[in-house]
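See below for the structure under consideration.
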Amino acid sequence: MNKIKFTFLICIVILSLATISYGASVIDKDKGIPRAIDGIIDTSNWDFEADGILKLNGDWSFYWQRLLEPADFVGENDQRGDWISIPADWTTHQHEGVALPSKGYATLRLTITVDDLEQVYGLKFRYFASAMNLWINGNLAHSSGLVAESADDYIGRYIPAEVFFITDTHEIDIIVQVANYHHRRVKLNEVFFGTQEQIHTMTYREVIKSSIIFGSLMLIAVYYLILYFIQRRDKAALYIAVFAFIVALRNAVMGDRILSRLLPELPPELFTKIGYLPVFILLPLVILYVREIFYSPTLDKAAHISKYVVVALTALIFITSVSFYDWLFQYALMLILLAALFMIYILITEGFFKKIRGAWIMAVGSGVILVAALNDYLSDLHVIRSVEMLSIAVLIFVLLQAIFLAWRFNDAYIRATKLATENAVMYEELQELNEQLEVKVKDRTLELEIANMRLEQLSKIDPLTSIANRRLFDERLNEEWRRALREQTPISIIMLDIDCFKEYNDNYGHLQGDTTLQQIAAALTDVVKRSTDFVARFGGEEFVVLLANTEEEGALYKAEVIRKAIEDLRIGHEYSRVGSYCTVSLGVNTQIVKESDNAEDFIRKADKALYNAKQTGRNKVVHITAVNK
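Start counting the sequence shown at 1407; every next residue gets the next number (my numbering).
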């Protein structure tokens, strides 16, 4: 009796440690956490550095059977909707007194109030319904699958999202369109909000954890599969290999869904099938495994039935739709729990009472799997709030079986010593492989970061002239515009266009034209040397120079220097209507920025001055003030 008590105590301890180690980063504090109220969550008093990532739980605005976009919430178009408490399963939500069906579409909205406008923020969605579109402050930031009003146009995808952004207002408007036409229950999971670094760190940790668990289970599956092929008569190794493999796959589609990151086009039906398969067939596999271990006649009939159950349930999951087997599992849960209790009863009677060494380890492992499976199911139904634990439970179970199998074959002292040594070596190898896997994941993550940084840099450089392109110019203008507004310093812009460049290309050829563009870009770079100034190719034969903290006089002087430097290149142009060499016309605009101003008008005025320069003779500098007089 003491052994039984000890067994269940061990179960509780192991599950507690697993929950703490695996889920500590996502468990809520009990008090002092902002919640969404009437579609608004105030985070202005939330210290992200001290308090960490915030879950955007609470009441979101909910618009059933309506796909709304940011324009639908502007001015008189502002919509009125219902409320839904996130996290939620929308099939349990009452709309006009009636529970919502699983198939349909909706729009959710949340306003986040923030204090720090200099911060780069991040949102993390594990997955939201089966397809989603996400807008942040009116900009489409992420899409997963294809949201549609009909099943024919809809495409489901379970892809996690990490979205990073900056805001120039204290209110961040989040709009999410969602749709589902294949799953019986529609999850609107928790959404995490924090700084860019926090969301990055959270994602990397979860990916690494999932990868380590996945790699460990796959290595164990391969190891026991090799053992089975070496010892064909020992089917226990085969059963361990099979359920280690299927639970490894389940781990890859749960939590941070590393499989979806590797294969984003994988159909959502296949994702759910992979996730459900272990829950359906794990218990029959355990029955077959225990039957092989204890050679118990009591389990003969159950083991015989279990073989057909594994095949039948596997076929059922892969042939039928998720709606059907989700419905079946919900009502078959009681049978699964009764069968699990029966298994623990067999372990006690066949193991403890017959004093088989190591039986308590088997009971501990089975109890861990049972409680973990129940935890995952109740968490899936939002009955409790917990993390996915089945993968860790199976890993614990499999590792415990290594000890049990060592005792099982310990019939002689020499053989026991040999087996103990082999198990120690195996354990060390697994530890080393886990460490290597973690290092490889970190290395690969670093390589991807570097590659992304290089790609980001290349995307902002004009490939012909090797100077900044329009995209990078827009970013720099946005930065300098805000600085000029904040510090009330003048900002100037020079727009320049090569005179008669069409005639140049038509007569000298586009290759020679490209060379000329490169020469002029190099001349601009030589002339504009101040660290706060910025040169970019605006498009075609147009270039732009941004001069921070520069008044009209200085801008005109710099423009004249540029004009003279390009003329001094002496690039022959016999077909120019201006002269014998390539020349440029320049338009200049200087401004003290006010709140009512915008950068588009700033550029437009410089372009207007450029147009005036071209219309009044070319090869000259015109300031917008001269045009407006």
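Just so you know, even glycine gets a beta-carbon here, dropped at the ideal spot from N, CA and C.
Beta-carbon contacts of residue i that lie in its chain and below 8 angstroms, excluding the five residues immediately before and after
i	result
Tyr1634	Asp1640, Lys1641, Ala1643, Leu1644, Ala1647
Tyr1469	Gln1485, Gly1487, Asp1488, Ala1512, Thr1513, Leu1514, Arg1515
Val1628	Ala1647
Contact under 8 angstroms by Cβ, residue i with residue j
i	j	result
Tyr1533	Asn1595	yes
Ala1965	Val2027	yes
Asn2025	Gly1985	yes
Ala1537	Val1584	yes
Asn1586	Ser1508	yes
Glu1951	Val1934	Note that residue 1951 corresponds to Val in the displayed sequence, not to Glu. A contact, by the Cβ cut-off of 8 angstroms.
Ile1680	Arg1697	no
Leu1843	Leu1902	no
Ala1971	Ile1873	no
Ile1459	Met1608	yes
Ala1650	Ile1626	yes
Thr1519	Ile1581	no
Gly1621	Asn1884	no
Phe1944	Arg1876	yes
Trp1887	Ala2012	no
Tyr1981	Asn1913	yes
Thr1895	Glu1958	no
Residue i classed as buried or exposed, judged by whether at least 16 other C-beta atoms fall within 10 angstroms
i	result
Leu1668	exposed
His1589	buried
Gln1485	exposed
Tyr1731	buried
Lys1615	buried
Gln1837	exposed
Asp1559	exposed
Phe1724	exposed
Gly1503	exposed
Pro1869	exposed
Asp1453	exposed
Lys2020	buried
Glu1835	exposed
Ala1799	buried
Asn1545	exposed
Gln1807	buried
Arg1611	exposed
Inter-residue spacing [alpha-carbon to alpha-carbon] between residue i and residue j
i	j	result
Arg1976	Val1613	59 angstroms
Ile1652	Leu1719	14 angstroms
Ser2002	Ala2015	21 angstroms
Arg1889	Ala1456	29 angstroms
Glu1671	Leu1623	24 angstroms
Glu1893	Asp1521	20 angstroms
Lys1848	Asp1920	43 angstroms
Lys1593	Ala1778	20 angstroms
Thr1601	Thr1573	12 angstroms
Ala1866	Arg1882	Here residue 1866 turns out to be Lys, not Ala, going by the sequence shown. Taking the straight line joining both Cα atoms gives about 11 angstroms.
Tyr1701	Ser1772	17 angstroms
Asn1451	Pro1440	9 angstroms
His1606	Phe1599	11 angstroms
Leu1415	Leu1705	For Leu1415, the predicted structure reports a pLDDT of 42, less than 50, and the residue's modelled location is therefore unreliable. The matter cannot be settled from this model.
Val1597	Lys1461	6 angstroms
Close-in-space but distant-in-sequence residues of the same chain around residue i (CB under 7 angstroms, 5 per side omitted)
i	result
Thr1938	Ala1954, Asn1955
Phe2008	Ile1899, Asn1995, Gln1997
Leu1962	Val1994, Val2027, His2029
Pro1690	Ser1712, Val1715, Val1716
Ile1443	Gly1464, Asp1465
6 angstroms Cβ shell around residue i - same chain, five flanking residues per side excluded
i	result
Ala1567	Phe1531, His1548
Tyr1819	At Tyr1819, the pLDDT of 46 sits below 50, so the modelled position is not reliable and the matter cannot be decided from this model.
Arg1591	Asp1495, Thr1497
Where residue i sits in the DSSP three-state scheme
i	result
Lys1593	strand
Trp1733	helix
Arg1515	strand
Ile1664	helix
Pro1896	strand
Glu1475	coil
Glu1957	coil
Asn1657	helix
Ile1466	Note that residue 1466 is Trp in the sequence shown here, rather than Ile. Strand at Trp1466.
Leu1625	helix
Met1901	strand
Asn1913	helix
Gly1481	helix
Tyr1987	strand
His2029	strand
Residue i beta carbon near the ligand NAD (any heavy atom closer than 7 angstroms)
i	result
Pro1493	Summarising the ligand content, the structure contains no ligands, and the ligand NAD is consequently not present.
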